[in-house]
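Numbering (the working numbering), first residue to last: 1 to 231.
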Ligand code: SF4
């Protein structure tokens, strides 16, 4: 089994997949129960969940519940549970309530220090969750942003010390939507209201037409990533 400890920087380069499904088949054969999909329930998730359901109907799925999501995010979560009843979906969250966060760090930490807020509400809970796995799956695509342009199917994740698999790296935004429509998949309702990238409600705004797909995240901050995908 290819693990964080056994692979070198070159190892992931040596495995080349042509198709997302082939990548997922390899991943589930290689890692069995030791792999989890960290799902955000955006458009890419609709595709990945469908692909995964063909290979591993009882796959383990993790959702980071920051307690600050849009109501539509919880709605799509429930729709996914209905469509794929065998998936083992686990919602995880920090032990720090929003009230305690405010007491400890001040009001609206996401405005004062969004990196700290993401660290507490996203990164630490996922770090704890991933300790039980050898690899995780992400819906990252190369064309999403410059910081994602060099991802591979298999990546050494130094942050979480494990393997990260990105089966959709070559998909375009249009291909994602073609797949969703073709298979009539449930998707996050806010995609129809100008939100191509959806995170916490307090940090996500709709974008103007032709705007960068991630430009609605952390408006007024330099921040472009929550930190889950940065070593
Ligand atoms: S996206 Fe915003 S509200 Fe959500 S954890 Fe990060 S900074 Fe906090």
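From the three backbone atoms N, C-alpha and C, an ideal C-beta is built for every residue, glycine too.
Indicate, with yes or no, if the ligand SF4 has a heavy atom lying under 7 Å from the CB of residue 168. Here residue 168 is taken as the residue at index 168 of the chain shown, counted from 1. Answer for residue 168: no, Cβ out of range of the ligand SF4.
**Prompt:** Does DSSP put residue 103 in a helix, a strand or coil?
**Reply:** Position 103 of the chain shown, counted from the first residue, corresponds to residue 103. Of the three classes helix, strand and coil, the one that applies to residue 103 here is helix, per DSSP.
| Between 7, 183, 187 and 1, which lies nearest to residue 32 when the distance is taken from Cα to Cα? | For the purposes of this step, residue 32 is identified with residue 32 of the chain shown, where counting begins at 1. The shortest C-alpha separation from residue 32 is found at 1.
| Is the beta carbon of residue 199 within less than 7 Å of some heavy atom of the ligand SF4? | If you number the chain shown from 1, residue 199 lands on position 199. At least one heavy atom of the ligand SF4 is nearer than 7 Å to the Cβ of residue 199, so yes.
Regarding residue 39 and the ligand SF4, is the C-beta to nearest heavy atom distance less than 7 Å?
Numbered from its first residue, the chain shown carries residue 39 at position 39. Answer for residue 39: no, Cβ out of range of the ligand SF4.
When you compare the CB positions of residue 165 and residue 27, do they come within less than 8 Å of one another, or not?
On the chain shown, position 165 is the one that residue 165 refers to. On the chain shown, position 27 is the one that residue 27 refers to. Contact flag set, yes.
Entirely enclosed alpha helix (DSSP H) segments - the segment 59-143, minimum 4 residues: Whole alpha helix (DSSP H) segments, 4+ residues: 71-83, 98-105, 109-112, 114-118 and 124-130.
Residue closest to residue 130, alpha-carbon to alpha-carbon, out of 71, 191 and 90: On the chain shown, residue 130 is found 130 positions in, with the first residue counted as 1. For residue 130, the closest alpha carbon among the candidates 71, 191 and 90 is that of 90.
Next on the checklist: Does the distance between the C-beta of residue 206 and the nearest non-hydrogen atom of the ligand SF4 fall short of 7 Å?
Outcome noted: Within the chain shown, residue 206 is the residue found at index 206, counting from 1. Between the ligand SF4 and the CB of residue 206, the shortest heavy atom gap is not smaller than 7 Å.
DSSP three-state label for residue 154, please. Stepping through the chain shown from its first residue, residue 154 is reached at position 154. In this structure, residue 154 counts as strand in the three-state DSSP scheme.
*asked:* Suppose you measure from the CA of residue 133 to the CA of residue 192; what does that come to, to the nearest Å?
replied: Locating residue 133 in the chain shown gives position 133, where the first residue counts as 1. Locating residue 192 in the chain shown gives position 192, where the first residue counts as 1. The C-alpha of residue 192 is placed about 35 Å away from the C-alpha of residue 133.
- request: Can you grab the Cα-Cα spacing for the pair residue 180 / residue 136, in whole Å?
  value: Along the chain shown, one-based indexing puts residue 180 at 180. Along the chain shown, one-based indexing puts residue 136 at 136. In this structure, the alpha-carbon of residue 180 lies about 23 Å from that of residue 136.
Does DSSP classify residue 200 as helix, strand or coil? Indexing the chain shown from 1 puts residue 200 at position 200. Residue state, collapsed to three classes: strand.
From residue 250 to residue 228, what distance separates their C-alpha atoms? Residue 250 is absent from the structure shown; the chain starts at 1 and stops at 231.
Review point. Any idea what DSSP makes of residue 207, helix, strand or coil?
Key: Position 207 of the chain shown holds residue 207. When DSSP states are grouped into helix, strand and coil, residue 207 belongs to the coil group.
_Suppose you measure from the CA of residue 144 to the CA of residue 195; what does that come to, to the nearest Å?_
Within the chain shown, residue 144 is the residue found at index 144, counting from 1. Within the chain shown, residue 195 is the residue found at index 195, counting from 1. Cα to Cα, the separation comes out at about 14 Å.
Among the residues of its own chain, which have a CB less than 7 Å from the CB of residue 206, if the five just before and after it don't count?
If you number the chain shown from 1, residue 206 lands on position 206. A distance below 7 Å between beta-carbons, with the five flanking residues on each side excluded, links residue 206 to the following residues of its chain, in chain order: 193, 194, 195 and 216.
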